[in-house]
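Note that the sequence shown covers residues -20 to -1, 1 to 137 in mature numbering (1 follows the signal peptide of the UniProt record, and there is no 0).
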Amino acid sequence: MIRALCLALGLSLAGSPLWAEVVVNYAALANSHDPDLRTESDRRTVAAELDRRIQRLGERYLKPGEVLHIQITRLDLAGQYEQWRTGWQDVRILRDITPPRIHLHYTLFQNGKPIRQGTAQLSDINYLSDPRARGDDERLIHEKLLLDDWFRKTFRP
């Protein structure tokens, strides 16, 4: 009896995906002028860091069976290097005038059919005042918070 019930349950779920999927294309990072995206290794490291966050957000906000394709078309990390500062060439200085920016194009599919698409230009000039980033030494926290806000505004039911 239990074997038959498990088999019936397994067959009923076989046709419906149990999770959402997010596919991200970071190809445009190769054209970035940001010093932290200069080499292929740098771009891979940043892409992997952002991808972990995006995958978690997809699990949280997308419905089972949905597939989200994101193409990052521009990425400017928060802050900049100020070469004229003696001894500070390797320190990224965060200022209000150098907010993080992420430009992207996205398409959301359900059952293989596009149900929503668009472009977004994410930026937060007040990123230094965001209490979620205070005391947080997580790498790329300002860029991740931009993505958090975008997912919540765009995909929350």
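Even for Gly, the Cβ is constructed at its ideal location relative to N, Cα and C.
Check your understanding: Given a threshold of 16 other Cβ atoms within 10 Å of its Cβ, counted over all protein chains shown, does Lys93 qualify as buried or as exposed?
Key -> As a first step, residue 93 must be located in the sequence shown, where it is residue number 113. Burial call: exposed.
**Study point:** Segment contact, 8 angstroms Cβ cut-off, at least three pairs: the stretch 108 to 119 with the stretch 82 to 100
**Key:** no
Point to revise | Sheet register partners of Ile50 (DSSP bridge) | key: Within the sequence shown, the letter at position 70 stands for residue 50. Note: Ile50 sits in a beta bridge opposite Val4 and Tyr86.
Review point. Which class does Thr134 belong to by DSSP, given the choice of helix, strand or coil?
Key: Mapped onto the sequence shown, residue 134 falls at position 154. Thr134: helix per DSSP, three-state reduction.
Practice item. Spatial neighbours of Glu29 within its chain, please: CB distance less than 7 angstroms, with the 5 preceding and 5 following residues excluded, ordered by chain position. Key: In the sequence shown, counting from the first residue as 1, residue 29 sits at position 49. For Glu29, where only same-chain residues beyond five positions count, the Cβ hits under 7 angstroms are Arg119 and Leu120.
Check your understanding: Helix, strand or coil: how does DSSP classify Lys43 here?
Key -> As a first step, residue 43 is located in the sequence shown; it is residue number 63 there, counting from the start. Residue state, collapsed to three classes: coil.
Check your understanding: If we call anything under 7 angstroms between Cβ atoms a contact, is Arg75 one with Asp56?
Key -> Looking up residue 75 in the sequence shown gives position 95. Looking up residue 56 in the sequence shown gives position 76. Their beta carbons are not under 7 angstroms apart, which means Arg75 does not touch Asp56 by this criterion.
Check your understanding: Leaving out five residues before and five after Thr87 in sequence, what residues of the same chain have Cβ atoms less than 7 angstroms from its Cβ?
Key -> As a position in the sequence shown, residue 87 is number 107, starting the count at 1. If we look at Thr87 and ignore the five residues flanking it on each side, its Cβ neighbours are His49, Pro94 and Gln97.
Review point. In chain order, what residues of the same chain lie with their CB nearer than 7 angstroms to the CB of Leu(-16), ignoring the 5 residues before and after it?
Key: Within the sequence shown, numbered from 1, the residue matching residue -16 stands at position 5. No answer about Leu(-16) holds up, because its pLDDT of 40 lies below 50 and its placement is not dependable.
Check your understanding: So does the stretch 1 to 13 actually touch the stretch 31 to 40, counting three or more Cβ pairs closer than 8 angstroms?
Key -> yes
Exercise for review: Go through the stretch 76 to 122 residue by residue and report every complete run of the beta strand (DSSP E) that reaches 3 residues or more, in order.
Suggested key: 81 to 90 and 93 to 103
**Study point:** Gln60 vs His83 beta-carbon contact at 7 angstroms
**Key:** Here residue 60 is taken as the residue at index 80 of the sequence shown, counted from 1. Here residue 83 is taken as the residue at index 103 of the sequence shown, counted from 1. It is not a contact, given that the beta carbons lie outside the stated cut-off.
Check your understanding: Taking all protein chains shown into account, do 16 or more other C-beta atoms lie within 10 angstroms of the C-beta of His122, making it buried, or fewer, making it exposed?
Key -> Your numbering for residue 122 matches position 142 in the sequence shown. Buried, because 16 or more other Cβ atoms sit within 10 Å of the Cβ of His122.
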